[in-house]
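Visitor: This is the structure I want to talk about, given as structure tokens.
Numbering (my numbering), first residue to last: 37 to 755.
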């Protein structure tokens with residue numbers, strides 16, 4: 037339904053906010069393609085009425101209260117959420133006496149800044165989470181630290197660099213995570229170097245290894261070598277670039293290796309992309325192979341199934357690559373769903389049925405056509421992984437960090453997210469992490485203002501594994517007969533507490549507009565924030581109209597929000613509110629209306645005149661909608677308040693062809709030219725030159741509109 041632009045819409049919003057209805061708010065994240073693009077795959081959202089959810093017996097409420105009181109006293113100390121995450125893919129399979137891959141999460145967290153300390157903890161017999169803070173240079177050049185079992189080696193934000201060498205995992209080494217690091221520059225000046233075996237990560241007979249979110253480049257030999265019967269390996273979300281022999285698998289006559297390779301960006305790499313020899317099961321999906329034209333590096337081939345390999349290749353994107361997919365006559369290679377753009381030469385499949393990955397683990401591939409934008413936004417090191425401080429040389433996890441566990445089917449402290457929130461002590465002064473097991477949680481969640489320092493984190497291998505979803509809309513009647521929810525009250529997750537974080541999960545509102553045309557008010561919020569210093573890291577926020585409400589506790593209160601590595605999807609004003617918010621390295625996905633039409637608006641800020649509004653930075657705006665059908669934004673003068681000065685800056689962002697040539701428009705009788713709307717250095721088919729209908733910042737103006745200007749001295753870190 038096309039949303040009317042008149043003042044009546046704003047009056048409805050103002051009423052909902054003024055009444056102070058109970059809220060349901062969640063976290064926003066990286067790329068919300070939603071059901072239309074298959075982000076949620078087979079995760080069925082079971083229906084339940086609001087009355088069913090809220091109608092609990094007196095006995096049940098009393099039992100819940102007793103449970104909550106008892107469990108509130110049992111909040112246990114634990115490592116930060118990123119240190120407890122486990123692998124997906126074949127690395128998650130229980131085998132060889134190892135139950136999945138979780139690294140050193142059962143040990144202490146230590147921070148290292150020297151080669152001596154890194155080697156000391158990486159080679160130790162006991163488990164460790166080892167945070168690399170800063171640049172460590174290998175001495176001698178080419179040194180590969182021999183990592184022992186039960187280790188997580190993780191870069192602190194984007195600062196963890198290993199220069200001139202890498203890591204070696206020998207026979208029998210298991211349960212190792214190498215994550216969020218930049219490993220680079222052991223190159224010895226010879227492109228096809230046959231003398232120096234200086235790899236970034238080498239596995240010889242190891243098992244249960246997860247290599248994730250790294251930047252690997254410019255090494256003397258391989259970036260990743262998985263050799264000599266290494267198995268149960270997952271390689272995910274890495275950037276591999278500027279290398280000759282990139283990613284080799286095999287070096288054995290045995291057909292043993294099981295490996296999952298997904299969401300990796302291979303750019304300017306000549307060979308072994310990867311070369312997979314005698315792998316029992318090689319599952320490759322959602323990878324992006326890019327050969328940039330006009331450079332000195334030209335790919336000789338892409339994915340190669342050699343020997344007796346059985347390979348399944350799905351939904352990847354090959355751009356400009358010669359011989360994108362090749363196989364030996366002895367190999368079995370099944371292809372489905374990939375995109376080939378500007379490729380040439382061999383593109384092969386055949387040799388049998390290979391295998392079914394779903395027989396070993398669950399997964400939901402993204403559509404191939406969105407893979408380039410997805411990986412440009414999300415591959416490589418992330419600023420919010422590995423950033424909880426620990427003293428150099430072996431401090432315990434950050435003081436005061438505690439964990440509550442949630443699992444829908446039992447086996448944890450709580451069976452619902454809200455019950456865990458209820459157990460957080462009022463006015464708590466230290467971080468509480470609510471770790472939510474994979475599953476679909478059909479509930480609303482409210483984090484009240486008196487419960488700051490809460491993190492809600494999915495514990496699965498993917499943000500799609502843990503889903504919090506409900507289906508209220510603005511016009512949905514409340515079960516108690518007290519009226520309707522209003523826009524803000526419709527939120528699935530409502531955050532009113534400062535210093536809140538959400539990580540590695542999906543928050544959705546699945547209100548069905550087509551089936552509810554009789555309802556007046558289709559605004560249906562997935563996540564609402566009304567607090568300061570909110571971090572949404574690696575999340576999906578999915579809905580239709582009014583998906584993500586970034587608000588403040590009051591008009592005169594500051595509310596800063598930092599969204600990174602996330603996905604947000606919707607169609608009408610799906611990022612809106614008066615908060616000061618940065619959406620960084622994320623994907624905003626445009627979605628068709630309930631009736632199949634394409635028209636909409638990304639942002640609707642209601643910024644107070646003396647504050648900053650929304651900054652969309654280093655992100656992607658695109659969707660499966662008609663060309664030139666969406667505006668970047670329109671000004672929301674909430675309640676007709678002419679003192680507001682709405683602001684959106686979109687900079688260094690890729691704009692898809694769905695964006696209109698005149699990307700801003702009026703709203704509710706207020707002209708967009710009276711607001712602060714601007715672009716800077718955008719690219720893509722939806723970008724355009726400066727003009728009267730498309731203001732651009734000058735270089736001088738852009739210098740004052742950086743992320744730091746928005747956050748005002750606050751430096752977000754993950755907990």
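We put the CB at the ideal spot given by N, CA and C, even for glycine.
Because the structure is a prediction, the values reported are computed rather than measured.
1) Which residue comes first and which comes last in the beta strand (DSSP E) that contains residue 573?
2) Between which residues of its own chain and residue 186 is the CB-CB distance below 6 Å, once the five residues before and five after are set aside?
3) Quick check on residue 318: does DSSP put it in helix, strand or coil?
4) With distances taken Cα to Cα, identify the nearest neighbour of residue 307 among 292, 316, 337, 288.
5) Could you check the C-alpha separation between residue 694 and residue 241 for me, to the nearest Å?
6) Under the assumption that residue 571 contacts residue 598 (Cβ atoms under 8 Å), give the Cβ distance between them as a whole number of angstroms.
7) Would you tell me roughly how many angstroms separate the C-alpha atoms of residue 311 and residue 342, rounded to the nearest one?
8) Among 334, 288, 358, which one has its Cα closest to the Cα of residue 345?
9) Would a C-beta distance cut-off of 8 Å place residue 656 and residue 409 closer than the cut-off?
10) Could you give the first and the last residue of the continuous beta strand (DSSP E) run that contains residue 412?
11) To the nearest angstrom, how far is the alpha carbon of residue 361 from that of residue 154?
12) For my contact list, residue 503 and residue 451 are in at a C-beta cut-off of 8 Å; report their separation, rounded to the angstrom.
13) Where in the stretch 315-378 do unbroken runs of the beta strand (DSSP E), each at least 3 residues long, occur, reported from the N-terminal end onward?
14) Hey, how far is the Cα of residue 487 from the Cα of residue 705?
15) From the DSSP secondary-structure annotation, give me the bridge partner or partners of residue 181.
16) My understanding is that residue 746 touches residue 651, with C-beta atoms under 8 Å, so please give their C-beta distance in whole angstroms.
17) Pick out the complete alpha helix (DSSP H) segments inside the stretch 416-495, 4 residues or longer, and give them in chain order.
18) Tell me, please, which residues DSSP counts as bridged to residue 641.
19) If you draw a straight line from the alpha carbon of residue 78 to that of residue 121, how long is it in whole angstroms?
20) Give me the Cα-Cα distance between residue 718 and residue 689, rounded to the nearest whole angstrom.
21) Please go through the same chain and pick out, in chain order, the residues whose beta-carbon is closer than 6 Å to the beta-carbon of residue 507, but skip the five residues on each side of it.
22) Sorted by chain position, which residues of the same chain lie with C-beta nearer than 7 Å to residue 201's C-beta, five sequence neighbours on each side aside?
23) State the start and end residues of the unbroken alpha helix (DSSP H) segment that holds residue 738.
24) From residue 674 to residue 662, what distance separates their C-alpha atoms?
25) Using 8 Å for Cβ pairs, my map puts residue 566 next to residue 587. What's the rounded Cβ distance?
26) Hey, could you find the ends of the beta strand (DSSP E) residue 164 is sitting in?
27) State the CB to CB distance for the pair residue 292 and residue 265, rounded to an integer number of angstroms; the pair is presumed to be in contact (CB under 8 Å).
28) Should residue 257 and residue 278 be called a contact, given that it needs their Cβ atoms to be closer than 8 Å?
29) Hey, out of 239, 330, 384, 728, whose CA is closest to residue 286's CA?
30) Start and end of the alpha helix (DSSP H) containing residue 693?
31) Taking 6 Å as the limit between beta carbons, can you name the residues of its chain near residue 197, skipping five residues before and five after?
32) Are at least three pairs of beta-carbons, each pair with one atom in the stretch 475-483 and one in the stretch 375-387, less than 8 Å apart?
33) Using the Cα positions of residue 213 and residue 501, report the straight-line distance between them to the nearest angstrom.
34) By the 10 Å Cβ neighbour count, where 16 or more other Cβ atoms means buried, how is residue 553 classified, buried or exposed?
35) Closest by CA to residue 147, which one among 168, 158, 131?
36) If you count every other CB in all the chains shown that lies within 10 Å of the CB of residue 751, and 16 or more means buried, which is it?
Guide: Reading off the structure:
1) Residue 573 -> beta strand (DSSP E) spans 570-573.
2) Answer for residue 186: 140, 163, 211, listed in chain order.
3) Three-state DSSP puts residue 318 in a strand.
4) Measuring C-alpha to C-alpha distances from residue 307 to each of 292, 316, 337, 288 identifies 337 as the nearest.
5) Using only the alpha carbons, I get a separation of about 49 Å.
6) Taking a contact as a CB-CB distance under 8 Å, the pair residue 571 and residue 598 counts as one, their CB atoms being some 5 Å apart.
7) Roughly 7 Å separates the two Cα atoms.
8) The residue from 334, 288, 358 with its alpha-carbon nearest to that of residue 345 is 288.
9) Yes, the pair counts as a contact, with Cβ atoms nearer than the cut-off.
10) For residue 412, no beta strand (DSSP E) encloses it; the enclosing alpha helix (DSSP H) starts and ends at 407-414.
11) For residue 361 and residue 154, the distance between alpha carbons rounds to 39 Å.
12) Cβ atoms of residue 503 and residue 451 stay farther apart than 8 Å, at about 15 Å.
13) Taken in chain order, the unbroken stretches of beta strand (DSSP E) that lie wholly in the stretch 315-378 and span 3 residues or more are 317-321, 324-326, 339-342, 346-350, 353-355, 361-363, 368-372, 375-377.
14) The alpha-carbon atoms of residue 487 and residue 705 are separated by roughly 39 Å.
15) Beta-bridge annotation (DSSP): residue 181 is paired with 203.
16) Residue 746 to residue 651, Cβ: 5 Å. Contact.
17) Residue ranges of uninterrupted alpha helix (DSSP H) with 4 or more members, entirely inside the stretch 416-495 and ordered along the chain, are 453-459.
18) Paired residues: 613.
19) Because residue 78 sits at a pLDDT of 26, beneath the cut-off of 50, its placement in the model cannot be relied upon, and the point is left open.
20) For residue 718 and residue 689, the distance between alpha carbons rounds to 5 Å.
21) Counting only residues of its own chain and dropping the five nearest sequence neighbours on each side, residue 507 has a CB closer than 6 Å to the CB of 546, 547.
22) Only 174, 177, 178, 179, 180, 222, 234 meet the Cβ criterion.
23) 735-739 is the extent of the alpha helix (DSSP H) around residue 738.
24) Between residue 674 and residue 662, the C-alpha separation is close to 29 Å.
25) Confirmed, about 4 Å.
26) Unbroken beta strand (DSSP E) run through residue 164: 164-168.
27) Confirmed, about 4 Å.
28) Inclusion of residue 257 and residue 278 in the CB contact set at 8 Å is not warranted, their separation being larger than that value.
29) Taking only the C-alpha atoms, the option nearest residue 286 is 239.
30) Here residue 693 belongs to no alpha helix (DSSP H), and DSSP marks it neither H nor E.
31) A distance below 6 Å between beta-carbons, with the five flanking residues on each side excluded, links residue 197 to the following residues of its chain, in chain order: 171, 218.
32) Contact between the stretch 475-483 and the stretch 375-387 is absent, with fewer than three C-beta pairs closer than 8 Å.
33) Roughly 20 Å separates the two Cα atoms.
34) Residue environment: residue 553 is assigned as exposed (fewer than 16 neighbouring CB atoms within 10 Å of its CB, all protein chains considered).
35) Distances from the alpha-carbon of residue 147 to those of 168, 158, 131 put 168 closest.
36) Exposed, because fewer than 16 other Cβ atoms sit within 10 Å of the Cβ of residue 751.
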